[in-house]
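Sequence lines, in order, name chains A and B.
With the UniProt record's numbering, letter number 10 in the first sequence gets 10, and the count goes up by one each step, no holes.
With the UniProt record's numbering, letter number 6 in the second sequence gets 6, and the count goes up by one each step, no holes.
The beta carbon of each residue, even a glycine, is placed where N, CA and C say it ideally should be.
2 protein chains.
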Amino acid sequence: MDNGKTTASARRPGGQRRADAQRSIDKILTAGLKLYSSRPGVSVAEVAEAAGVGRVTLYGHFPSRTELAKALMERTFEETEAAWQSVDTSGPADEALDRVLREQWHLMERNRNLRENVLGDVSPQWLRTRHDPILRRVEALISRGQDEGVFRNDLPLSWMVTTLYSLAHAAADEITAGRLTAEQAPEILSTSLRSLYRP
Amino acid sequence: MDNGKTTASARRPGGQRRADAQRSIDKILTAGLKLYSSRPGVSVAEVAEAAGVGRVTLYGHFPSRTELAKALMERTFEETEAAWQSVDTSGPADEALDRVLREQWHLMERNRNLRENVLGDVSPQWLRTRHDPILRRVEALISRGQDEGVFRNDLPLSWMVTTLYSLAHAAADEITAGRLTAEQAPEILSTSLRSLYRP
DNA sequence: TGCAACTCGTACATCAATGTTCAAGTTAAG
DNA sequence: CTTAACTTGAACATTGATGTACGAGTTGCA
């Protein structure tokens, strides 16, 4: 986030940003996150308008559409990191996974959309290197469950991770389509995954 | 397909197209289908080039990007219709569904991508009215399985349909990513859905 | 208070895609 | 063989998005 490559403005001597600049950046990232994770084909102008900021101001902080996209992904990774650390992953893996799921499935789904919608703006490699650590945490948890004997062992680990994201995505879509309520969704998702993961 | 609204060229008296015109249309639809179902943001020029046809020729048959997209969807619906009729859906619903799945999951997945990638070109209503009949067939089969007692009854029917498409999509992605082979995929998909649907 | 950082609107150059027009050539079909 | 359908490239108008330049105003901070 503070790597200096994502901002084009002059910046004051100490390398510090002025308070109003930081506020602008925050507004841009917040609005951008909402837009980018809701639909594809978002324009820089739209993000600026949604953030209540001039288009030029945006370009002052993010020199290109690509840099904006990267910054959005970075922020998401930070949020995911924070969310992960707020969940208790001790105890039996199946119960731990259930807790993670109920806490984070919104976030998982948003990240997935975001990832898809910036696919044309940043290189797959960049995306992969940054996204892998997140996947690996879920992977490790499932793997632990297999060792403990609470999860099945006859399906590839990567496939189990994929189904988790895939069904979380599907659940979110069903809410959008009005075929599930926000209360039903986590229950149904949890039930489905339990059936799918049971040995 | 022959509704006359999708072509702008003069057309001869009998309402018939000349053989070379029909050939062009076929090439365009074939190439368009391949492109549109492989990635988003396809341009008309790309389709024309991939079809080995002049851009003007394409516009002669499909007056706008939207009409082209509609025609692509129409063709897919026809193909799906044909594929469905080639599968034996008699007998126990779970076995029937398994046959359908193994025969059609490629097609399901392609349709899903296509649908997603034309979402900006045609209205959701149009898409919905045309796509619903297809979903309804799968729905009916699953519903029959519930009546027969071979499928679980504690999850919404719409959710079960969604998971089917969702996992078919995921399986195709895993092949693309190189984490599954084309031979493994149907097996794993089938196994997963059996676990998910079992009462 | 004063200065540098910051914001903003307007304007401009560039680029890529869409859709149209035209004139000349090619081909199917009666 | 003759005609009308069809194809084609080149050229053009339009639109929307990206990114830059400028000049005037605002605001944080020392």
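task = Could you tell me which of Glu183(B), Val100(B), Pro124(B), Glu139(B) sits nearest to Thr66(B), measuring between CA atoms?
result = Pro124(B)
message = With distance defined between alpha-carbon atoms, name the residue in Trp159(B), Tyr165(B), Arg179(B), Thr191(B) nearest to Thr191(A).
response = Trp159(B)
request  = Starting from Val100(B), follow the alpha helix (DSSP H) in both directions and report where the run begins and ends.
outcome  = 93-117
inquiry  = Using CA atoms only, rank isn't needed, just tell me which of His61(B), Leu180(B), Ser38(B) is closest to Arg17(B).
reply    = His61(B)
ask   = Does DSSP put Ala177(A) in a helix, in a strand, or in coil?
value = In the structure shown, Ala177(A) adopts coil according to DSSP, grouped into three states.
request  = Could you list the residues in the stretch 161-172 of chain A with a C-beta less than 9 angstroms from some C-beta on chain B, going in chain order?
outcome  = Thr162, Thr163, Tyr165, Ser166, Leu167, His169, Ala170, Ala171
is_contact[His159(A), chain B] using C-beta, thresh 8 angstroms = Residue identity differs from the one stated: residue 159(A) is Trp in this sequence, not His. Yes, Trp159(A) lies at the interface with chain B (some Cβ there is under 8 angstroms from its Cβ).
Buried or exposed by the 16-neighbour rule on C-beta atoms within 10 Å, applied to Ser38(B) = exposed
query = Out of curiosity, what's the CA-to-CA distance linking residue 200(A) and Gln104(A)?
reply = With chain A running from 1 to 199 in the structure shown, residue 200(A) is simply not present.
ask   = Since Gln22(A) is in the alpha helix (DSSP H), which residue starts that stretch and which ends it?
value = 19-36
query = From which residue to which residue does the alpha helix (DSSP H) around Gln125(B) run?
reply = 124-148
key: Pro186(B) versus Ile25(A) - alpha carbon distance   = 47 angstroms
message = Let's see if you can read the secondary structure: which residues bound the alpha helix (DSSP H) around Leu68(A)?
response = 65-85
task = Using alpha carbons as the reference points, say which of Ala71(B), Leu72(B), Gly52(B), Arg110(B) lies closest to residue 218(B).
result = The question about residue 218(B) has no answer, for chain B in this structure spans 1 to 199.
request  = State yes or no: is the C-beta of Leu167(A) within less than 8 angstroms of the C-beta of Leu189(A)?
outcome  = yes
task = Find out if the Cβ-Cβ distance for the pair Pro199(B), Asn153(B) is shorter than 8 angstroms.
result = yes
key: Pick from Gln85(B), Phe77(B), Ala170(B) that is closest to Pro133(B), judged by C-alpha positions   = Phe77(B)
key: Within chain B, partners of Leu155(A) - CB distance below 8 angstroms   = Counting only Cβ-Cβ distances below 8 angstroms, Leu155(A) has contacts in chain B at Ile188, Thr191, Ser192, in chain order.
inquiry  = Between which residues of its own chain and Ser143(B) is the CB-CB distance below 7 angstroms, once the five residues before and five after are set aside?
reply    = Leu157
request  = Within its chain, find whatever has a CB closer than 8 angstroms to the CB of Arg102(B); leave out the 5 residues flanking it on each side and keep chain order.
outcome  = Pro186, Ser190
key: Secondary structure of Glu183(A), DSSP reduced to three states   = coil
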